[in-house]
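Quick note on full-length UniProt numbering: the sequence shown kicks off at 1 and runs consecutively.
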Amino acid sequence: MASSAVEPKILTLLMVVQDGKVLLGYKKRGFGEGMWNGFGGKVEPGETPTEGALRELREEACIDATDATERGVVTFVYDDKPRPMQVHIFHASQFTGVPTETDEMRPAWFDLEAVPFDKMWPDDELWYPMFLAGKKFSGTFWFTNTTTIVRHELREVESLE
Numbered sequence: 001m002a003s004s005a006v007e008p009k010i011l012t013l014l015m016v017v018q019d020g021k022v023l024l025g026y027k028k029r030g031f032g033e034g035m036w037n038g039f040g041g042k043v044e045p046g047e048t049p050t051e052g053a054l055r056e057l058r059e060e061a062c063i064d065a066t067d068a069t070e071r072g073v074v075t076f077v078y079d080d081k082p083r084p085m086q087v088h089i090f091h092a093s094q095f096t097g098v099p100t101e102t103d104e105m106r107p108a109w110f111d112l113e114a115v116p117f118d119k120m121w122p123d124d125e126l127w128y129p130m131f132l133a134g135k136k137f138s139g140t141f142w143f144t145n146t147t148t149i150v151r152h153e154l155r156e157v158e159s160l161e
């Protein structure tokens, strides 16, 4: 019997954390416009999630991470979108270049104690503590009206395999 599950869209998200600060981007257009977020987007055909994360960081902030490591995989299910989004979440602390504003994102550094969660996706506040503590995690968030969490599952994992 064939499965009726819809294959998720594969996306990436990368945050640079350095010297007690996190580099976030203010989304100027598209999905998430008006919110602060890490840098990322769609994984292109033939790319791995790591390659996609590095490319998106370069395109959106004009920098190249040199030590990106995957910390989490989170699936987002929206009642108003046909496909779930599976997001591979990466951490980096080293990069080359200077964070520069692009057509899509305006980068800014935030103290880790002053992350603007009130201007971010509502799930961020739930998984950031694990991310910042260096833990690996996996989860699923179910949304209604794109920004309201109706249910979530989030857990620390040994491996993301």
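The beta-carbon is built from N, C-alpha and C at its ideal position, and this holds for glycine as well.
All figures in this text were calculated on a predicted structure; none of them were measured in a lab.
Next item on the list: Whole angstroms is fine: what's the gap from F117's alpha carbon to D124's?
Entry: One-based indexing of the sequence shown puts residue 117 at position 117. One-based indexing of the sequence shown puts residue 124 at position 124. Roughly 7 Å between the two C-alpha positions.
Proximity below 8 Å, CB of G25 to CB of A61: Looking up residue 25 in the sequence shown gives position 25. Looking up residue 61 in the sequence shown gives position 61. Their beta carbons are under 8 Å apart, which means G25 touches A61 by this criterion.
When you compare each of V73, K28, H152 to W142 by their alpha carbons, which one comes out closest? The residue given as residue 142 occupies position 142 in the sequence shown. For W142, the closest of V73, K28, H152 by C-alpha to C-alpha distance is H152.
Open item on the list: Within a Cβ cutoff of 7 Å, which residues of the same chain sit near L112, ignoring the five residues on either side of it in sequence?
Closed with: Position 112 of the sequence shown holds residue 112. Excluding sequence neighbours, L112 sits near G20, K21, V22, L132.
Note to self: Which same chain residues end up closer than 6 Å to A2 when comparing Cβ atoms and leaving out the 5 residues on each side of it in sequence?
What the structure shows: Numbered from its first residue, the sequence shown carries residue 2 at position 2. Unreliable placement is indicated for A2, whose pLDDT of 46 sits below 50; the coordinate value is still reported in the next sentence. Correct list: empty, nothing qualifies.
_L14 versus R71: straight-line alpha-carbon distance, rounded_ = Residue mapping note: residue 14 aligns to position 14 of the sequence shown, counting from 1. Residue mapping note: residue 71 aligns to position 71 of the sequence shown, counting from 1. Roughly 10 Å between the two C-alpha positions.
| query | My guess is that K136 and V150 are in contact by the Cβ rule of under 8 Å, so how many angstroms apart are they, rounded? | reply | Along the sequence shown, one-based indexing puts residue 136 at 136. Along the sequence shown, one-based indexing puts residue 150 at 150. About 25 Å separates the beta carbons of K136 and V150, which is beyond the 8 Å limit, so they are not a contact pair.
7 Å Cβ shell around T66 - same chain, five flanking residues per side excluded:
Residue numbering aside, residue 66 sits at position 66 when the sequence shown is read from its first letter. Result list for T66: Q94, F95, T96, in chain order.
Exercise. Please report how far the alpha carbon of residue 173 lies from the alpha carbon of M35, in whole angstroms.
Key: It is not possible to answer for residue 173, since the shown part of the chain is limited to 1 through 161.
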